[in-house]
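Notes follow once the structure below has been shown.
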Amino acid sequence: MTLQAKASAEVVDVIQRLAEGGISFSASHDGPAGKTTVTLTPKQLELFWCDPAAAFASVYGVSRSEYIAWHESGYMVRCSELTSKGKRCRNAAVDAHLVPSPDRWVAMQGGYCKIHSEGWNG
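Heads up: the sequence shown begins at -12 in the numbering used here, then just goes up one per residue.
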């Protein structure tokens, strides 16, 4: 799919007319518990027209790359500790196995798994 840089003037006009008429907009995205439906502002709907991931990121107040990373991680925040071999621990951070929203996922970055949060080092 090729993303447009901007919604056409006609699309923007239709969105504005619908919003002025009391129509609200919503869209659904995948999440750890299935589909999650969010409400979009008219500006977010314009963005959705061209780049759905950027529109959803806007809803949650995160960057497009953070929104995509949340999906790619399987909605899990990995432990931030390095193992004795210098590789990042593969465990989920405490309470971060299935993080329900990308803004929460971003806020939980830097956490540690149960083993490393108890002071075990390497």
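Using N, Cα and C, we set each Cβ at its ideal position, and we do this for glycine too.
Given residue i as reference, the closest of the options once Cα atoms are compared
i, options, result
"T24", "R51, V81, Y99 and S88", "S88"
"S11", "K101, K22 and T26", "T26"
"V(-2)", "P19, A41, S13 and E33", "E33"
"G113", "A40, S67 and A(-6)", "Only positions -12 to 109 of the chain appear in this structure, which leaves residue 113 out of reach."
"A20", "H84, Q96, E68 and K72", "H84"
"D82", "K22, K72 and Q96", "Q96"
"A80", "T70, K72 and C66", "C66"
Residues that DSSP places opposite residue i in a beta bridge
i, result
"L27", "F12"
Whole-Å CB distance - residue i paired with residue j, under 8 Å assumed
i, j, result
"F35", "H16", "At roughly 10 Å, the Cβ-Cβ gap does not stay under 8 Å, so F35 and H16 are not in contact."
"V86", "Y47", "Contact flag wrong, Cβ pair sits at about 11 Å."
"N45", "Q31", "The question names Asn, but residue 45 in the sequence shown is Ser. That belief holds up - the Cβ atoms of S45 and Q31 are roughly 5 Å apart, short of 8 Å."
"A(-6)", "P29", "Actually they do not touch by this definition, with Cβ atoms about 10 Å apart."
"A(-8)", "C37", "7 Å"
Exercise. Check whether the stretch 84 to 96 touches the stretch 53 to 60, taking contact to mean three or more Cβ pairs, one atom from each stretch, closer than 8 Å.
Key: Touching, per the Cβ criterion.
Quiz item: Would the stretch 69 to 85 and the stretch 98 to 106 be scored as touching if the rule is three or more Cβ pairs under 8 Å?
Solution: As far as the Cβ criterion goes, the stretch 69 to 85 touches the stretch 98 to 106, which means the pair count is three or higher.
Practice problem: Counting only runs of 4+ residues fully inside the stretch 15 to 98, write out the alpha helix (DSSP H) ranges in chain order. | Solution: As far as the stretch 15 to 98 is concerned, its whole alpha helix (DSSP H) runs of at least 4 residues are 29 to 37, 39 to 47, 51 to 59 and 89 to 94.
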